[in-house]
Every structure is written in structure tokens, then in C-alpha cells.
Amino acid sequence: MAYSMGDLKKGLKVELEGIPYRITEYQHVKPGKGAAFVRVKMKSFLDGRVLEKTFHAGDKCEEPNLQERSMQFLYHDGDYFQFMDNENYEQIGLSEEQVGEVAKWMIDGMAVSILFHNGKAITVNVPQTVELKITETPPNFKGDTTSAGKKPATLETGAVVQVPYHVLEGDVIRVNTEIGEYLDKVK
Numbered sequence: 181m182a183y184s185m186g187d188l189k190k191g192l193k194v195e196l197e198g199i200p201y202r203i204t205e206y207q208h209v210k211p212g213k214g215a216a217f218v219r220v221k222m223k224s225f226l227d228g229r230v231l232e233k234t235f236h237a238g239d240k241c242e243e244p245n246l247q248e249r250s251m252q253f254l255y256h257d258g259d260y261f262q263f264m265d266n267e268n269y270e271q272i273g274l275s276e277e278q279v280g281e282v283a284k285w286m287i288d289g290m291a292v293s294i295l296f297h298n299g300k301a302i303t304v305n306v307p308q309t310v311e312l313k314i315t316e317t318p319p320n321f322k323g324d325t326t327s328a329g330k331k332p333a334t335l336e337t338g339a340v341v342q343v344p345y346h347v348l349e350g351d352v353i354r355v356n357t358e359i360g361e362y363l364d365k366v367k
């Protein structure tokens, strides 16, 4: 299906020159003179680059052939992150470039969502919140009870987040993976 200028909106997935994008910003412009046009910012699913493009009446872009599949993260073998399809048990390996920043939130056995473009895996999405164990954090000192105070904590995946003083080494915490922030301590 081809999209025209009137179909474009924020969040829409489009394909230009064989590359899939998600529209992140959308602005309809009606100048005093001349025809209206649409100015968009699009983020590439392949490499994360942002492209600014102007669409005029008659310009078209295609709907990308994207498929999202639920998979399980198995392990990291040093070169590739190994995933298994939950339906047919097929395994695939993705490079560190393909997995990107979300690698710091993944633990063995975690359910993830992998986006495929034309049958090829292009990106990994982890759940918005994950529960991870703290492996290292400074000890508490008497008097460190201010609610605004934070200290760094290293998680079992190697990620570092700021946590309140009352959170200790060995505790399991809930983290927002989109912004990389501590949410709460798991009981």
C-alpha cells in the first residue's frame, strides 16, 4: 500500500528507498502562497539515523514489510546475541550493532520482541519495565536518609542506574528501560 501526503502522521511506519522508518515528528504547513506540504522527521529502524523530509501533494511512500515476532533471549556468545522463536524453536543470532542499547537490559531467558524487515531481523525491543538484581552499590551510612539522595547501582546485566539510599546490594529492583531509571524495589 502506498501512502500519500494526507496519510502521513506521527508513529506511522513508512519505507523510502528500501529503508524502513518510523515518523517521529509531523508538521502540516500551509504557506500563504503555494500548495500545502508536510514536513516530517523519521527515524530509521536499521541504524537509528534521523531523516528530515518534505512531502508535497502527489509524493508517495510505501508501507514497509515489517513483522514483529516474540522470541526468547538465550545467551550472548561473545560475538552474537542468540534468540529462539517461541513458536517453531528456530534460533537466530544478532550482532551487537543490531541489538544496540537494549542489550544492557537483557537477561538469559527474557521474552523480547524482534522486528523483521523483509524476513531479516533488524532490531530488538525489550519490555518497558524489567526486574533486575543489584550486584554492586555503595553501602548506606548513618544519616543518608534524604529522599532526594541517590547512589549508583550496578545491575546483573552491567547497566548502572541511580537508586535511593535504602536500596541495597542483592535487592531486586524494577527499571524503566525506555529512560533507564529506577522505578521501585520488588518485594
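Heads up, the sequence shown is in the numbering used here, so the first residue is 181 and it goes up one at a time. Where a beta carbon is used, it is the ideal one built from N, C-alpha and C, also for glycine.
Leaving out five residues before and five after valine 282 in sequence, what residues of the same chain have Cβ atoms less than 6 Å from its Cβ?
Against the sequence shown, residue 282 aligns to sequence position 102. Contacts found: Val304, Val306.
Inter-residue Cα distance where the pair is aspartate 257 and alanine 237:
One-based indexing of the sequence shown puts residue 257 at position 77. One-based indexing of the sequence shown puts residue 237 at position 57. Each residue's alpha carbon lies about 50 Å from the other.
Cut-off 7 Å between Cβ atoms - residues of its own chain near threonine 337, not counting five sequence neighbours on either side
Within the sequence shown, residue 337 is the residue found at index 157, counting from 1. Listed in chain order, the non-local C-beta contacts of threonine 337 below 7 Å within the same chain comprise Lys284, Trp285, Met286, Ile287, Leu312, local neighbours out to five positions each way being set aside.
Give me the residue from Arg229, Phe217, Tyr260 with the minimum Cα distance to aspartate 239.
Counting from one through the sequence shown, the residue named residue 239 turns up at place 59. When Arg229, Phe217, Tyr260 are compared, the shortest CA-CA separation from aspartate 239 is found for Phe217.
In the DSSP assignment, find the alpha helix (DSSP H) that holds glutamate 277 and state where it starts and stops.
The residue labelled residue 277 in the question sits at position 97 within the sequence shown. From DSSP, the alpha helix (DSSP H) with glutamate 277 extends over 276 to 279.
Could you check if serine 293 belongs to the surroundings of the ligand ZN, using beta carbon to heavy atom distance under 7 Å?
This structure lacks the ligand ZN, and indeed carries no ligand of any kind.
Hey, how far is the Cα of asparagine 320 from the Cα of threonine 357?
Position 140 of the sequence shown, counting from 1, holds the residue named residue 320. Position 177 of the sequence shown, counting from 1, holds the residue named residue 357. Straight-line spacing of the CA atoms in asparagine 320 and threonine 357 works out to 26 Å.
Ordered along the chain, which non-local residues of its own chain (more than five positions away) have a Cβ less than 6 Å from that of threonine 334?
Here residue 334 corresponds to residue number 154 of the sequence shown, with the count starting at 1. Excluding sequence neighbours, threonine 334 sits near Thr315, Glu316, Val340.
Can you tell me which of the three DSSP states alanine 301 falls into?
By 1-based counting over the sequence shown, the position of residue 301 is 121. Reduced to three states, the DSSP call for alanine 301 is strand.
DSSP on methionine 185, reduced to helix/strand/coil?
Locating residue 185 in the sequence shown gives position 5, where the first residue counts as 1. Methionine 185 falls in the helix class under three-state DSSP.
Flag this pair as yes or no: are the beta carbons of lysine 189 and isoleucine 203 separated by less than 8 Å?
Indexing the sequence shown from 1 puts residue 189 at position 9. Indexing the sequence shown from 1 puts residue 203 at position 23. Yes, Cβ-Cβ distance for lysine 189 and isoleucine 203 is below 8 Å.
Considering just the uninterrupted stretch of the beta strand (DSSP E) at arginine 249, what are its terminal residues?
By 1-based counting over the sequence shown, the position of residue 249 is 69. Counting along the chain, the beta strand (DSSP E) containing arginine 249 begins and ends at 246 to 256.
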